[in-house]
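First up is the structure itself, then whatever we jot down about it.
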Amino acid sequence: MKVPFFGNDRQFKNLEDIIHETSKRVWLTGQYLNGPDISHFEESLAKFTNRRFALTLGSCTDALTYALLALKLPAGSEVLVTNFSFLSSATAILKAGLKPIFCDIDPETMMVTSQIFQESITPKTKAILSVSLFGSLTDCENIESLCKERGISLIEDAAQSFGAKRSGRMAASFGEASAISFDPTKLLHGTGAGGALLTDNEELYLFAKSLRLHGRDERGNFIRLGDKSLLSSHDGAIMNEKLKLLPMWIKRRQDIAKRYTSALKESKILKTQHIPNDVHSTFHKFVILCNSQESRDALKNHLKEKDILTRIHYPKTISEEELFKEANGITPIAYEQTKRVLTLPLFQELTDEEVDYVCAALAEF
Ligand SMILES: Cc1ncc(COP(=O)(O)O)c(C=O)c1O
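Position 129 of the sequence shown, counting from 1, maps to 545 under the working numbering, and the rest follow consecutively.
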């Protein structure tokens, strides 16, 4: 049996009728950027995340960059960020003319916690960019309180946590602004790149809105240097339909995660990402931590021989990339975990037989 890593083709087959119908409707509107399909999707996103404003953009990286630019911090101000994530969490900081300071992660949750941020704050820290990974949520509420107490800004990278909750509070509802991604590897996606910024702050929203269209303000005047960073009406309309299915998809993902977790329960060499009791994870990714690089590589090969595809999130810390060679921050746990992590295939369209097959292969290992 072959178990693929992604199931986008299967998702399309399941939703073919809705997608064709929606697609045809949008083609017939003749309005492929902006317009009512984008406004409707933005309203749905704001409602879903309990934010006042949602702004769709060309990517999550743009959403993070615009949120940081909107803070209007002096050039070179320091921003704390994890060293264990996709690199855009940190490139957004560079793009906004700020300085990333890398923080280490908690070895159990694989994310930076409020405690770690607290220990990393210096008088030069002006903002925190908090990243929640793999469908879980770090202790965002404590991070939010910490930022308020210390008078620093908080931007939430919810690219991977969209749809998750912690103590009943939705991901993408923390801090001055949050960013989500509609990349095809993410829970909610269309056919191309895309992202959104969520905020309760009208001024921040209008600033980011101007940046997405060449710096144009609400009256149509070009008042600052901007980009063209828009989501297509087609993708917005399709995602508006898919958003209704998200709770059902998350439930299926949680069921699969439960079965993987129980298959790994007795293992002395493989551990799962720790999900705190008050977190309702979407299991955007199912990442396991092996006891050594050798066992990780052996497991990867074992699964490959069984035609089960896996990936590594992340094979390097961000600061190991050439682009960040000047950056500061000592992060031994993040570095060590890059050698030991392995991501199993987990998407809602996996069949029960495929899940059993993966569980059996894990048990055999
Ligand atoms: C944690 C995290 N932040 C930011 C991004 C960037 O998203 P986008 O590709 O939409 O810019 C990603 C995408 O992989 C991500 O996983």
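Even for Gly, the Cβ is constructed at its ideal location relative to N, Cα and C. Predicted, not measured: the structure shown is a model, and the values here were computed from it.
Checklist line | DSSP state of F638 mapped onto helix, strand, coil | finding: strand
Notebook entry, point to check: Could you give the distance in angstroms between the alpha-carbon of S583 and the alpha-carbon of K463?
Noted result: 18 Å
Notebook entry, point to check: CA-CA distance, I568 and L553?
Noted result: 20 Å
Notebook entry, point to check: When we look at the beta-carbon of T465 and count the other beta-carbons within 10 Å, is it buried (16 or more) or exposed?
Noted result: buried
Notebook entry, point to check: DSSP beta-bridge partners for D573?
Noted result: V547, A595
Item checked: Local Cβ density within 10 Å of I517, reported as buried at 16 or more and exposed below that -> buried
Margin query: Is any non-hydrogen atom of ligand 1 found closer than 7 Å to the C-beta of S735, if you look at the structure I gave you?
Written below: no
Notebook entry, point to check: Considering only the beta carbon of each residue, do L461 and K625 sit closer than 8 Å?
Noted result: no
Next item on the list: Return helix, strand or coil for K488, following the three-state DSSP convention.
Entry: coil
Next item on the list: Return the Cβ separation of L363 and I544 in integer angstroms, given the expectation that the two are a contact with Cβ distance under 8 Å.
Entry: With the chain covering only 417 through 781, there is no way to say anything about residue 363.
Note to self: Between which two residues does the beta strand (DSSP E) holding G652 run?
What the structure shows: No beta strand (DSSP E) contains G652, which is instead part of the alpha helix (DSSP H) from 649 to 659.
Item checked: For C519: DSSP bridge partner residues -> T498
Next item on the list: Figure out for me which residue from S561, F638, I691, G608 has the closest Cα to the Cα of K581.
Entry: I691
Margin query: Rounding to the nearest angstrom, what Cα-Cα distance links A673 and L705 in this structure?
Written below: 15 Å
Notebook entry, point to check: Would you say F518 reaches chain B, if we count a Cβ-Cβ gap shorter than 8 Å as a contact?
Noted result: In summary, chain B is missing from the structure at hand, where a single protein chain is found.
Next item on the list: Just confirm the distance between the C-beta atoms of F428 and Y621, as a whole number of angstroms; I'd bet it's less than 8 Å.
Entry: Not a contact, Cβ separation roughly 33 Å.
Notebook entry, point to check: Is it the case that the Cβ atoms of L647 and L604 are separated by a distance below 8 Å?
Noted result: no
Check: According to the neighbour-count rule (16 or more other Cβ atoms, all chains shown, within 10 Å of its Cβ), is Q753 buried or exposed?
Finding: buried
Checklist line | Of the residues G513, N430, S683, H729, the one placed nearest L503, counting alpha carbons only | finding: H729
Next item on the list: Would you list the one or two residues that DSSP bridges to F469?
Entry: T615
Margin query: In the DSSP assignment, the alpha helix (DSSP H) including V771 goes from what residue to what residue?
Written below: 768 to 780
Item checked: Cβ contact (3+ pairs, closer than 8 Å) linking the segment 477 to 491 and the segment 677 to 685 -> no
Checklist line | Assigned secondary structure, F428 (DSSP; H/G/I helix, E/B strand, else coil) | finding: helix
Margin query: By the DSSP assignment, the alpha helix (DSSP H) with T726 in it spans what residues?
Written below: No alpha helix (DSSP H) holds T726; DSSP gives it neither H nor E.
Notebook entry, point to check: Under a Cβ-count criterion, where at least 16 other Cβ atoms within 10 Å of its own Cβ denotes burial, should D772 be classed as buried or exposed?
Noted result: exposed
Notebook entry, point to check: According to the neighbour-count rule (16 or more other Cβ atoms, all chains shown, within 10 Å of its Cβ), is E458 buried or exposed?
Noted result: buried
Check: Is Q576 near ligand 1, with its Cβ less than 7 Å from a heavy atom?
Finding: yes
Next item on the list: Give a single yes or no on whether F502 has its beta carbon closer than 7 Å to a heavy atom of ligand 1.
Entry: yes
Next item on the list: Give the DSSP bridge partners of R644, in chain order.
Entry: Arg is not the amino acid found at residue 644; the sequence shown has Lys there. Answer by DSSP bridge pairing, in chain order: L629.
Next item on the list: Identify whether I746 lies in helix, strand or coil by the three-state DSSP scheme.
Entry: coil
Checklist line | For P539 and N656, the rounded distance between their alpha carbons | finding: 43 Å
Note to self: Between which residues of its own chain and K720 is the CB-CB distance below 8 Å, once the five residues before and five after are set aside?
What the structure shows: T726
Next item on the list: Say yes only if the C-beta of S505 is nearer than 7 Å to one or more non-hydrogen atoms of ligand 1, and no if none qualify.
Entry: yes
Margin query: Among the candidates I532, P523, A486, whose CA atom is the shortest distance from the CA of A512?
Written below: A486
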